[in-house]
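Each remark here refers to the structure printed beneath this line.
In my numbering, the protein residues as written are 41 to 153.
Following this line, the structure appears as structure tokens:
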């Protein structure tokens, strides 16, 4: 794989985060054996998007359960936050990788090693 192709697919691995974990997962599964750089970048994006999905689901579940006492409505109102954070950092990661570097998310739970 050419360096330009590596950069492009690594960038798409990060931008795939706009689709939550599905985009980075597809790039990771298709290109993990073709390029160490694409594998690393898509794995980083995938781990971050899994974390954001866990946060979103957690807010929705806890918000739904506690909505009977009113506090849950605040949590349900904040359910959009993990999605927005995921999109913002996905764009930052894509720009950084497209510039020729590597990107590590500022907070991440690296589930996939």
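Ideal Cβ positions, reconstructed from N, Cα and C, are used throughout, including at glycine.
From a predicted model like this one, the values you see are computed outputs, not experimental measurements.
Check your understanding: Run through DSSP, which three-state label would residue 92 get?
Key -> helix
Exercise for review: Express the C-alpha separation of residue 74 and residue 84 in angstroms, rounding to a whole number.
Suggested key: 17 angstroms
Contact belief for residue 57 with residue 126 at Cβ below 8 angstroms, rounded distance in angstroms:
6 angstroms
| What first and last residue would you give for the alpha helix (DSSP H) that runs through residue 113? | 111 to 117
| Taking DSSP as the reference, what is the three-state secondary structure of residue 49? | helix
task = Pair every Cβ in the segment 106 to 122 with every Cβ in the segment 131 to 146, then say whether three or more of these pairs are closer than 8 angstroms.
result = no
### Message
Given this structure, state the Cα-to-Cα distance separating residue 86 from residue 64, to the nearest angstrom.
### Response
5 angstroms
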